[in-house]
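Scroll down for the structure; my scribbles are underneath it.
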Amino acid sequence: MFDAGIVGGGGIVGCAIARELAGHGLSVAAIEKHPTACQETSALNSRVIHSGFHEIPGTLKAELAREGSRLIIRYAEERGVKLLRTGMLIAVPHGSIRAGLWREAGALWKMWAQGRQQNIPFRVVLTAGGVQRIAPIQAMSGIFIPSVCVIDLETLMQLLLNDAKTAGAQFFFGSEVIGIDVQASHHVIHTIRGAIEARTLINSAGLAAKEISQMAGGPKYDIEFVRGDYYEMKGGIERWGIRTLVYPAMPPRSRSKGIHFGPRTDGRLYIGPSATPLSEPAPKPVFLEAARRFLPQISDDDLEWSYAGVRSTRVAENGKSDFTIRLERQTPPFINLIGIDSPGLSASMGIARYVAEMILRRSVPPMAQ
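With the numbering used here applied, the sequence shown closes on residue 973, and no number is skipped along the way.
Here's what the structure looks like:
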């Protein structure tokens, strides 16, 4: 019998939770359907450690991204995980003048207000020359957030996994969950490799979280799947000189942070992700158009499709997208993590602490109240 069973324990959030709980002396079973860690959403993202600047103040996304990014950066520095101190430039392209600038002006105003409210350091860039000093792109203005960085995700993931194991967590890879029985004092988690008993059940199954919730007698959440394609820019950072994350200023209420330029720790440079229905990959011209708003000289031959990821999103009735982290049942304890999309990587260590507090105190942390 384990103190906690984590379904989806091989993802970045699941590993972080396993590490945190094992560090508090709890016995942990991390159950993962894939044969290795860091598959699906955990592997196929932008590797960005966000500050929470894009998020609505007061939401779990904002709070946990801010806390989680601080924890991850400190952890990376202590453990030697490679970080690119890129900063993030949210820019308004020159072509926006023809459209009247209303959309971009509204976006920058919203970002400015959110940054001030959350006490996230940033600076406003008001001229094209100021933009050029940050990144070699064509843009008329923007906001620069220096604290944002890019991480070596594979090394981070391996260290979290090793830490969790060292602290005593047991990982069950290749163990897809096929059913969950709820007993008076614990859960029986049935997998294709056998049954695992745990007092507390944590659903961190990502794309399968809706199904796991229902197996455990929890709510049937309305979840959307969004596909995000990435193209590699041939020649990488050395050719294009873009060493800063460059995001477009998106209109208020946008469901995406936009197709952006993303340098990586290995010297490569990507543009993405798109945001389309699961079965509809964005065509290459969409990425060319997004790139040419800032780099008019880029050609079709400069872009090569690289990979696509899928993220699960839950949108509340008020239209706001936020994480759902909820204690669904007190006895036996059952915690759901639903809609952990961007900034899930950035928030992972913050989420782990949040969940640990829910378990250790058997209550909902103040952040969610």
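We treat Cβ as the ideally placed atom computed from N, Cα and C, and that holds for glycine.
All values derive from a computational prediction rather than experimental measurement.
Using the three-state DSSP reduction, which class does residue i fall into: helix, strand or coil?
i: residue 780; result: coil
i: residue 848; result: coil
i: residue 698; result: helix
i: residue 718; result: helix
i: residue 843; result: helix
i: residue 627; result: helix
i: residue 724; result: coil
i: residue 785; result: strand
i: residue 880; result: strand
i: residue 918; result: coil
i: residue 675; result: helix
i: residue 621; result: helix
i: residue 933; result: strand
i: residue 653; result: strand
i: residue 972; result: With a pLDDT of 44 at residue 972, under the threshold of 50, the predicted position of this residue should be treated as unreliable, and no value is reported.
Tell me, to the nearest whole angstrom, how far the beta carbon of residue i is from that of residue j; I am working on the premise that it is less than 8 Å.
i: residue 952; j: residue 672; result: 6 Å
i: residue 814; j: residue 825; result: 5 Å
i: residue 810; j: residue 612; result: 6 Å
i: residue 835; j: residue 876; result: 6 Å
i: residue 759; j: residue 686; result: 7 Å
i: residue 633; j: residue 764; result: Their Cβ separation, rounded to whole angstroms, is 16 Å, which puts residue 633 and residue 764 out of contact at 8 Å.
i: residue 656; j: residue 777; result: Not really, about 32 Å apart at Cβ, beyond 8 Å.
i: residue 680; j: residue 749; result: The Cβ separation is near 18 Å, so there is no contact.
i: residue 625; j: residue 641; result: Not really, about 16 Å apart at Cβ, beyond 8 Å.
Run the CB neighbour count on residue i, radius 10 Å, all protein chains shown included, and call it buried at 16 or more, exposed below.
i: residue 964; result: exposed
i: residue 947; result: buried
i: residue 670; result: buried
i: residue 722; result: buried
i: residue 628; result: exposed
i: residue 796; result: exposed
i: residue 716; result: exposed
i: residue 645; result: buried
i: residue 973; result: Unreliable positioning characterises residue 973 in this predicted model, as indicated by a pLDDT of 38, which lies under 50. The coordinate reading is nonetheless provided below. Label assigned to residue 973: exposed.
i: residue 854; result: buried
i: residue 743; result: buried
i: residue 694; result: buried
i: residue 970; result: Summary for residue 970: the model assigns pLDDT 48, below 50, so the residue's position carries little reliability; its value from the coordinates is reported in the next sentence. With fewer than 16 other Cβ atoms within 10 Å, it is exposed.
i: residue 930; result: buried
i: residue 605; result: exposed
i: residue 617; result: buried
i: residue 845; result: exposed
i: residue 766; result: exposed
i: residue 900; result: exposed
i: residue 887; result: exposed
i: residue 719; result: buried
i: residue 690; result: buried
i: residue 908; result: exposed
i: residue 798; result: exposed
i: residue 959; result: buried
In terms of residue numbering, what span does the beta strand (DSSP E) encompassing residue i cover?
i: residue 754; result: 753–755
i: residue 632; result: 632–635
i: residue 952; result: Run containing residue 952: none in the beta strand (DSSP E); it sits in the alpha helix (DSSP H), 948–965.
i: residue 744; result: 743–749
i: residue 867; result: 864–867
Report the partner residues of residue i according to the DSSP bridge assignment.
i: residue 658; result: Residue 658 pairs with nothing; no bridge assigned.
i: residue 977; result: In the structure as shown, the chain starts at 605 and stops at 973, and residue 977 therefore has no counterpart that could be examined.
i: residue 913; result: 832
i: residue 928; result: 942
i: residue 683; result: Its beta-bridge partners do not exist; DSSP assigns none.
i: residue 801; result: 792
i: residue 608; result: 632 and 804
i: residue 774; result: 633
i: residue 693; result: 748 and 850
i: residue 764; result: The partner list for residue 764 (beta bridge, DSSP) is empty, contrary to what the question assumes.
i: residue 688; result: 754
Start and end of the alpha helix (DSSP H) containing residue i?
i: residue 792; result: No alpha helix (DSSP H) contains residue 792, which is instead part of the beta strand (DSSP E) from 791–795.
i: residue 875; result: Residue 875 -> not in any alpha helix (DSSP H); beta strand (DSSP E) instead, spanning 873–876.
i: residue 819; result: 813–819
i: residue 738; result: 732–738
i: residue 894; result: 888–896
If we cut at 8 Å on Cβ distances, does residue i have a partner in chain E?
i: residue 773; result: This model lacks chain E altogether, as it is built from one protein chain only.
Return yes when the C-beta of residue i is under 7 Å from any heavy atom of the ligand FAD, and no when it is not.
i: residue 696; result: As for the ligand FAD, it is missing from this structure, which has no ligand bound.
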